[in-house]
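Under the UniProt record's numbering, think of the first position of the sequence shown as 1, with each following residue one higher. All C-beta atoms, glycine included, are put in the ideal place defined by N, C-alpha and C.
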Amino acid sequence: MSCPKREIACPDEYVGLNRMIADKFAYRSATQGYEYLRTRLPFVYNRLAEGGVHLAATLNRIFDAKPKLASA
């Protein structure tokens, strides 16, 4: 599923971005432990904040849509 070019909220793009960030930062030289958590936490906070913005845009897209009236 892809989004129209002029679409403000596009979940497909969010998924692709999350995958890119995970591949680039989260799994790079991953050895679990305190150091891993400490170095990845800023990315987690950033993604959570961006997720809130994306959720708001998606909900606005859903609930701001003008209902179409049936023509008589």
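Starting from residue i, follow the alpha helix (DSSP H) in both directions and report where the run begins and ends.
{"i": "D12", "result": "P11 to I21"}
{"i": "T58", "result": "Y34 to F63"}
Which value, in whole angstroms, describes the spacing of the CA atoms of residue i and residue j?
{"i": "I62", "j": "H54", "result": "12 Å"}
{"i": "Y34", "j": "A56", "result": "33 Å"}
{"i": "Y45", "j": "N60", "result": "23 Å"}
{"i": "N18", "j": "E50", "result": "10 Å"}
For residue i and residue j, which I take to be in contact (beta-carbon distance under 8 Å), what is that distance rounded to the nearest angstrom?
{"i": "I21", "j": "R38", "result": "About 18 Å separates the two Cβ atoms, so there is no contact after all."}
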